[in-house]
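Numbering (the numbering used here), first residue to last: 5 to 230.
Note that the Cβ used here is the ideal one computed from N, Cα and C, for glycine as well.
Shown next, in the form of structure tokens:
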């Protein structure tokens, strides 16, 4: 009886781009950008680096692809609010939560300026501002203000979290140190900052972020009024 032999499957066919990106997101969440290497990724996927290079050309491309996967999923989950204003708030807080859950996204988005992840967010916000009736001449300033605020505040919050984790301290201790430093400032030179030292200790990052979004939206809505 003649046995039939199966032709060996090419190693790169055993992987998909989506599987590689999913594994990369896990590595980034656990180890940060420094831990994302093709060697570590190939070990996690039980394959060789060549199979990964078949789908992804470089670490930079992989970082952008991983960032885009998270951003695309976040925006898709936050779309479809009852009003354009509600949708912008949902998109903003969705991105804030995504950067909090995946702290590497903040810096990745900055490095991916002009590429698909940032363009997705820019487009999503811009469409809602058009629906709000923002005049064409004011759309660039309006979308830029929201876009930069979301990336800046969300990214800074993620950076603070990484800093606290690196020092192996919790949020309460991290804010306590900053609050104590503010309270110790010279009262004549920094009266306002000193007055907010206790609020710094007790503030809620997410609530403050949304308050800022509402302030920006208030100005944008006033501009859109006939």
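At least 8 Å separates the beta-carbon of residue 49 from that of residue 25. Residue 45 is not a Cβ neighbour of residue 32, given a cutoff of 8 Å.
Distance from the Cα of residue 204 is smallest, within the candidate group 66, 151, 223, 184, for 184.
A direct Cα-to-Cα measurement between residue 37 and residue 120 gives close to 19 Å. Taking every protein chain shown into account, the CB of residue 89 has 16 or more other CB atoms within 10 angstroms, so this residue is buried. Between the beta-carbon of residue 186 and that of residue 198 there is about 6 Å, and that keeps the pair under the 8 Å contact cut. Its Cα nearest to that of residue 169, the residue 34 stands out among 22, 19, 27, 34. If you draw a 10 Å sphere on the C-beta of residue 106, you find 16 or more other C-beta atoms in it, and that means buried.
Sixteen is the threshold: since fewer than 16 other Cβ atoms of the shown chains lie within 10 Å of the Cβ of residue 190, the residue is exposed. Annotated three-state conformation of residue 57 is helix, per DSSP. Taken in chain order, the complete alpha helix (DSSP H) segments of 4 residues or longer contained in the region 96 to 125 are 109 to 115. Going by DSSP, residue 170 is part of the alpha helix (DSSP H) stretching over 140 to 170. A Cβ-Cβ separation of about 6 Å places residue 162 in contact with residue 104 under the 8 Å criterion. Residues 59, 60, 69 of the same chain have their beta carbon placed closer than 8 Å to that of residue 21, with the five preceding and five following residues left out of the count. Membership of residue 78 in the alpha helix (DSSP H) is indicated by the continuous run 63 to 82. By the 16-neighbour rule on beta-carbons within 10 angstroms, residue 208 is exposed. The continuous alpha helix (DSSP H) containing residue 219 extends over residues 209 to 228. Collapsing the DSSP output to three states places residue 130 in a helix.
For residue 41, no alpha helix (DSSP H) segment is defined, and its DSSP state is neither H nor E.
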